[in-house]
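Chains as they are written, first to last, in this note's numbering: chain A, 1 to 136; chain B, 1001 to 1232. Virtual Cβ for every residue (Gly too), placed ideally from N, Cα, C.
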Amino acid sequence: MMPIIICVFSIAALLPFVVSYFRSIVASSRNVALSPRLQEVTGITSEKVKADDFARLLQLVQLCPEQKDDQTDIRAVGAYYSVLAVLGRLAHTIAPNLAAWFERERESCSYFAAVALDRRISHSRDLFSQQLADRL
Amino acid sequence: MLGPMDYTVWTAGFLLEVVVVVSAFARSQVRRYLSLTLYMMCCGLVQCAHFYFLRKYGLSSKQYTYVYYYTESLLTISLFSVVIQLYQHVFEEMRVGKHIRTAAAVLVGATAFFSYAVIRQNQDHLTSRFVVELGQNLYFVGVVLTYLLWGAIMKLRETRTRLIQLVLALGIYFSATAGTYALRNLFPHLEVSVLHVIFPILGVWLPAAWSYTFLRVSDEARLMPAQLSVKL
C-alpha cells in the first residue's frame, strides 16, 4: 500500500515541479518587448508569437553568433518544448482543455526563442558596427 | 557489468558536482549555501568511493552493494540539511530557524523508525531491506518537505530566482527518485529493463540543474512566483 501512495504522490508532485522549473527559465523573457528589427526579419510581433513558430525561430537563432552563453537556456527550453509538443498531440483527442494549456505553454517557449533571436540579432549588429569602426 | 554509457553518465555526474562546488566558490556563495556545497563535495567523494569498490570487488559483490546503499542513505539524510537551509532562506525574515531544524530532525528520526518498524517483520533480510525501505521513505519525506517549501515560496511571494530554481530542482530530484523507488518496490522486474537506467540519470540531474543555477542565474535576478504556478 505504502509504495502505491508514494508513487502516486511523487508523480503528482513531479509534474508541477517540472513545469514551474522550466517556467522559471522562460519567465526571464516574459516582460521583454520584441524590437522592430525582429519584426522586420521574421514578421513576428510581441502579440503574435505562435506556438509553431518555435522551430523556425530556433533555426534563425542558430544562424546568429552565440551571445553570453545563452545556448544552455535555449537547449533547456527546446527540450521542454519537445515534451510539450508530444504531450499536446496526445492530449488533443483525449482532453482538448489540456491541449489548449499545452499550446499556451508552447507559445511562451516560442516567445522565449523570439527574445533570444532578438538579442542575437542585436549582438550581431553590434559586432558588425564594431568591425566597421575598427577598419576605419 | 557496466557499459560505456554508465561510465559516461557517472563521469558527467562527478564533473557536474565539481562544477557546482567550484561555481559556488567562484560566486562567493559558499557561506550562503554551505550545506549545499558540502553536500555536493560529499557526493563527489562518495562517487570516488563507489568507483574504488566497483573496481576492487565488482558490481555484484556484497561489499559494493552495501557501500552503495549505505552511502546513498547517508547522502539522502545529508540532503535534508540542504532542505533545512533552503527553508531558513525562505523564512529568514521570520527568525524561525531553530523550530525548522527541530521539526526536520524529528521528521527524519520518525522516518527511520517507521522504516525499521515496517521491515521488522522480514527478519531474514533485515539490513538490506531496511536500506531500500529507508531510501524510499526518506525520499518521500523529501518530496513532502520540498512541496511544503514550494507552497511557502508561493505564499510568501519569494522572488529570488536562484533560490526558487534550487528548490524546484530539488523537488524534481526528490519526487522522481521517490517515484522510481516506489515503482521498483511495486514492479521488481522493471529494475533490469528500465529503472536501472533512471537512477544514474537522476544522479546527474541535481548537479546539472544546480550548476546551471549558479552559473547562469545572478544573485540579483528576481521573478514573480505567480508566473510559475500551474493552472490548467
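Item	Value
Go through its chain and collect everything with a Cβ distance to B/A1178's Cβ below 6 Å, but skip five positions before and after it.	Y1139, F1140 and V1143
With distances taken from CA atoms, which of A/L87, A/D126 and A/D52 is nearest A/F112?	A/D52
Which partner residues does B/R1160 have in the DSSP bridge list?	B/R1222
When you compare only the Cα positions, how much space is there between B/Y1087 and B/I1077?	16 Å
If you draw a straight line from the C-alpha of A/I4 to the C-alpha of A/I11, how long is it?	11 Å
Mapping the DSSP letters down to three states, classify A/A95 as helix, strand or coil.	coil
Are the C-beta of B/S1023 and some C-beta of chain A separated by less than 8 Å?	no
Short of 7 Å in beta carbon distance, which residues of its chain neighbour B/L1079, apart from the five on each side in sequence? Order them along the chain.	Y1039 and G1142
Going by CA-CA distance only, name the one from B/S1023, B/P1225 and B/A1112 that's closest to B/E1158.	B/P1225
Look at B/L1163 and B/H1099 and say whether their C-beta atoms are less than 8 Å apart.	no
Suppose you measure from the CA of B/F1214 to the CA of A/D69; what does that come to, to the nearest Å?	14 Å
With a cut-off of 8 Å on the beta carbons, I'd call B/G1171 and B/W1150 a contact; round off their distance for me.	6 Å
Residues of chain B with a CB under 7 Å from the CB of A/R30: which are they?	Q1227
Can B/V1217 and B/T1161 be called in contact, C-beta distance under 8 Å?	yes
May I ask you to report which of helix, strand or coil DSSP gives B/P1188?	coil
May I ask you to report which of helix, strand or coil DSSP gives B/S1028?	coil
Classify B/V1167 as buried or exposed, calling it buried when 16 or more other Cβ atoms lie within 10 Å of its own Cβ.	buried
Among B/L1202, B/Y1064, B/T1008 and B/A1221, which residue has its Cα nearest to the Cα of B/A1169?	B/L1202
Can you have a look at B/Y1007 and say buried or exposed, based on whether 16 or more other CB atoms are within 10 angstroms of its CB?	exposed
So which residues of chain B does A/P16 contact, with C-beta pairs closer than 7 Å?	V1230
Got a sec: which bits of the segment 1167-1178 of chain B sit with their beta carbon under 7 Å from any beta carbon on chain A, in order along the chain?	L1168, A1169, G1171, I1172, S1175, A1176 and A1178
Using a C-beta to C-beta distance shorter than 9 Å, which residues of chain B count as neighbours of A/D73?	Y1212 and R1216
Using 10 angstroms around the beta-carbon of A/Q130, count the other beta-carbons present and answer buried if the total reaches 16, otherwise exposed.	exposed
Could you say which of A/S110, A/R135 and A/A91 lies nearest to A/I25 if we only look at CA atoms?	A/S110
Roughly how many angstroms lie between the CA atoms of A/A100 and A/S29, to the nearest whole one?	21 Å
Suppose only complete runs of 3+ residues qualify. What are the beta strand (DSSP E) ranges in the segment 1059-1117 of chain B, listed by chain order?	none
Considering only C-alpha positions, which residue in the set B/Q1085, B/Y1066, B/V1067 and B/S1060 is nearest to B/L1034?	B/Q1085
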